[in-house]
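K.L.:
Protein sequence lines correspond, in order, to chains L and P.
Every number in the numbering used here is 114 more than the matching position in the first sequence, counting from 1.
For the second sequence, position 20 matches number 9 in the numbering used here, and the numbering has no gaps at all.
Quick reminder that beta carbons are idealized off the backbone N, C-alpha and C, glycines included.
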Amino acid sequence: AQRVTQPEKLLSVFKGAPVELKCNYSYSGSPELFWYVQYSRQRLQLLLRHISRESIKGFTADLNKGETSFHLKKPFAQEEDSAMYYCALSGDQGAQKLVFGQGTRLTINP
Amino acid sequence: EPEVTQTPSHQVTQMGQEVILRCVPISNHLYFYWYRQILGQKVEFLVSFYNNEISEKSEIFDDQFSVERPDGSNFTLKIRSTKLEDSAMYFCASSEVPYGPYEQYFGPGTRLTVT
């Protein structure tokens, strides 16, 4: 079974502080991992995917297969990072649904 | 930049009534999805659709649900006889390719309230 766990529903940090949003997954095959973000009154949009190994808006995420984790990190938080963040997984067989975690609401305090 | 659109943004219906939620995927995309999010819960997959047939459906997607691509642009989700527990935000998504690290593009959602 595919499962994504985001242990923190809420996370609050001060501007300029480092941010880490945790994501753990369960999947027997080779998963594709994503972080989606939803800013206030906007639609869900892709932030980054593990295969790209890119940094978007200063965020990075590394897939750790040993720990089955895909934590999202940013060294210096900005107020505009306040949003809902969802970790999602798709499998490696057929047309792929996304399995989402519960989501973490990140609030950056000035 | 092309976007997925959904109508209506908010639908209120009485229990037992039929409701149709509409989506216009991005024009060159071939794979379509419906997800829902009950308030306070996670986004859940309902169904995926390709080449005019369902590719995969979840346990939530029972006989009360159906999907259709009635023309070249619209993709609809019908709930035949709504229940209170169908109240949720329904998201449509589309992608060019269904597998691998390809992005699914989401619509803004339709909030369905069943009274």
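So is Lys179(L) in contact with chain P if we call contact Cβ pairs under 8 Å?
P.N.:
By this cut-off, Lys179(L) is not an interface position.
K.L.:
Determine whether the Cβ of Lys171(L) lies closer than 8 Å to any Cβ atom of chain P.
P.N.:
By this cut-off, Lys171(L) is not an interface position.
K.L.:
Does the beta carbon of Arg157(L) come closer than 8 Å to any beta carbon on chain P?
P.N.:
Judged by the 8 Å Cβ criterion, Arg157(L) is in contact with chain P.
K.L.:
Tell whether a beta-carbon distance below 8 Å holds between Leu212(L) and Ala202(L).
P.N.:
Yes. Within cutoff.
K.L.:
Under 8 Å: do the stretch -5 to 13 of chain P and the stretch 137 to 145 of chain L share three or more Cβ pairs, one atom per stretch?
P.N.:
The stretch -5 to 13 of chain P, when compared against the stretch 137 to 145 of chain L, does not touch it at the 8 Å Cβ threshold.
K.L.:
In or out: Pro14(P) buried (at least 16 other Cβ within 10 Å) or exposed?
P.N.:
With 16 or more Cβ atoms within 10 Å of its Cβ, Pro14(P) is classed as buried.
K.L.:
Using 8 Å as the cut-off, can you tell me whether the stretch 216 to 224 of chain L makes contact with the stretch 38 to 53 of chain P, which would need three or more C-beta pairs spanning the two stretches below that distance?
P.N.:
Short answer: they don't touch.
K.L.:
Could one say the Cβ of Phe214(L) lies closer than 8 Å to chain P's Cβ atoms, at least one of them?
P.N.:
With 8 Å as the cut-off, Phe214(L) counts as an interface residue toward chain P.
K.L.:
Between which two residues does the beta strand (DSSP E) carrying Thr104(P) extend?
P.N.:
No beta strand (DSSP E) holds Thr104(P); DSSP gives it neither H nor E.
K.L.:
Ends of the beta strand (DSSP E) at Val1(P)?
P.N.:
His(-1) to Thr2 is the span of the beta strand (DSSP E), which, as asked, contains Val1(P).
K.L.:
As a quick exercise: from Arg58(P), Glu85(P) and Phe38(P), pick the residue whose alpha carbon is nearest that of Ile9(P).
P.N.:
Nearest of Arg58(P), Glu85(P) and Phe38(P) to Ile9(P), Cα basis: Arg58(P).
K.L.:
Tell me where the beta strand (DSSP E) around Ser55(P) begins and ends.
P.N.:
Element bounds for Ser55(P): Phe54 to Glu57.
K.L.:
In chain P, which residues lie with their C-beta within 7 Å of the C-beta of Gly143(L)?
P.N.:
In chain order: nothing, as chain P lies at least about 12 Å away.
K.L.:
Should Leu73(P) go down as buried or exposed, given a rule of 16 or more other Cβ atoms within 10 Å for buried?
P.N.:
Exposed, since its Cβ has fewer than 16 Cβ neighbours within 10 Å.
K.L.:
Considering only residues of the same chain and omitting the five flanking positions on each side of Gly172(L), which have a CB-CB separation below 6 Å?
P.N.:
Excluding sequence neighbours, Gly172(L) sits near Lys188.
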